[in-house]
Amino acid sequence: MKPLKEFIIQFVGLKVGKHLFEYKIEQAFFDHFEYNEFNNARVDVEVELEKKSTLLELHFKASGFVNVNCDLTNEPYDQTIENEFELVVKFGDEFNDEHIDILIIPHGTYEIEIAQYIYELIVLAVPIKRVHPGVEDGTLGSEILDKLEQLSPKLNDEKEEEEDIDPRWNTLKKLLTDNK
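Take the sequence shown: its position 79, counted from the start at 1, is 79 in the UniProt record's numbering, and no numbers get skipped.
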């Protein structure tokens, strides 16, 4: 997969200290990763890079929304995204990304690609079970919910069944209530 140029940070020319990078993530970003779970996306990502003499510290912060389909009704809705991630970049003999929050890059490397980290930061911020807010508060009106309501068992059916009971059983029920 071809790297996205705007997500490559060349840190070799930066002074020691903190540097801020801002990105606006939209659906085209996820299309690059061939991820089609989102209908639309608008996420602001801030990456604060703190360059030190022997390592780099990156602090990722994402906020915004992604439009996803509800798992219950399949209705699209905007899911709020809020997530943060810390990454430490060290220099070593060879590339190593086995640890979640530590990246080791070879000496002499002058840039780092952060697109994969931003992608994972956003995708992992989406809840496993995606439920439309209208389902939770009862304001969503959809054909699927109407059909589920129509097919669900009703409490009124139980009362109707009790009325159809043989009247001799009512006399026996009276005996149970008289003893109390």
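Glycine is no exception: its CB is placed at the ideal position from the N, C-alpha and C atoms.
query = Candidates Lys154, Asn69, Ile9 and Leu172: which alpha carbon is nearest Val126's?
reply = If you compare the alpha carbons of Lys154, Asn69, Ile9 and Leu172 with that of Val126, the shortest gap goes to Asn69.
key: Run of the alpha helix (DSSP H) containing Ile118, from where it starts to where it stops   = Bounds of the alpha helix (DSSP H) holding Ile118 are Ala115 to Val123.
Inter-residue Cα distance where the pair is residue 185 and Thr171 = With the chain represented from 1 up to 180, any question about residue 185 goes unanswered, as that position is not in the structure.
Distance CB(Glu113)-CB(Phe30) smaller than 8 Å = No. Outside cutoff.
message = Going by DSSP in three states, Asn170 sits in which element: helix, strand or coil?
response = If DSSP states are grouped into helix, strand and coil, Asn170 belongs with the helices.
query = Could you give the distance in angstroms between the alpha-carbon of Leu148 and the alpha-carbon of Pro76?
reply = The straight-line gap from Cα to Cα measures roughly 18 Å.
task = Determine contact between the region 13 to 21 and the region 39 to 51, defined as no fewer than three beta-carbon pairs at a distance below 8 Å.
result = They touch, by the three-pair rule.
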